[in-house]
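Colleague:
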Amino acid sequence: MIQMTEAQTAQEISTLLRQITLKERALVNDQLRQTNEVTDQQAMVLQLIGAHPGMIQRELVDVMHRRAATVSAFLKKLEEAGLVERHIPVDNTRNKMLYLTADGQSIVDQFQAVQQMVDQRLTQGLTSEQRETLLTLLGDVKRGLD
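To convert, note that position 87 of the sequence shown is 87 in the numbering used here; the numbers rise steadily by one, no gaps.
#1: Please name the residue, chosen from Asn92, Ile2, Gly50 and Thr15, that lies closest to Gln112 on a Cα-to-Cα basis.
#2: Per DSSP, Leu159 is paired with what?
#3: Within 10 angstroms of the Cβ of Val90, are there 16 or more other Cβ atoms? Answer buried if so, exposed if not.
#4: Between the segment 69-80 and the segment 111-125, are three or more C-beta pairs nearer than 8 Å?
#5: Can you tell me whether Asp109 is buried or exposed, with buried defined as 16 or more other CB within 10 angstroms of its CB?
#6: What is the DSSP secondary structure of Ile107, counted as helix, strand or coil?
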């Protein structure tokens with residue numbers, strides 16, 4: 001067996017983490033598209049608005065760490081689809097407050113169920129001891145990036 005260098009090992013770990021993330025997103029998107037035309041990114045926007053009713057677009061940009069134009073495009077599509085409403089407060093006409101419609105909340109509920117199913121699949125082949133070890137190791141990896 002060929003011994004990998006530390007750099008090669010780090011690159012392999014990074015590649016595997018990226019592949020896991022991409023597969024997870026693909027599974028979520030496949031499940032979401034079976035019932036509606038919302039992507040995982042749009043569902044995350046809806047989830048954030050649902051968790052913080054009345055938030056403004058600027059807050060959404062800050063939380064998502066995305067460009068304002070990207071978030072604006074997300075919101076426009078979601079509003080056109082009848083999933084999000086913008087309300088103008090009487091004391092500040094510049095900032096429009098964001099709220100989910102009933103259909104938007106339904107998609108958030110679906111997204112959370114799909115995400116939970118994918119999360120369970122992620123570690124279904126591992127023992128509880130392996131899960132604990134993986135959780136510890138991933139925590140260590142994350143702290144190394146902080």
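Idealized CB from N, CA, C, for every residue including glycine.
Modeller: To lay it out plainly:
#1: Gly50
#2: Shown here, the chain extends from 1 to 146; a query on residue 159 therefore has no answer.
#3: exposed
#4: no
#5: exposed
#6: helix
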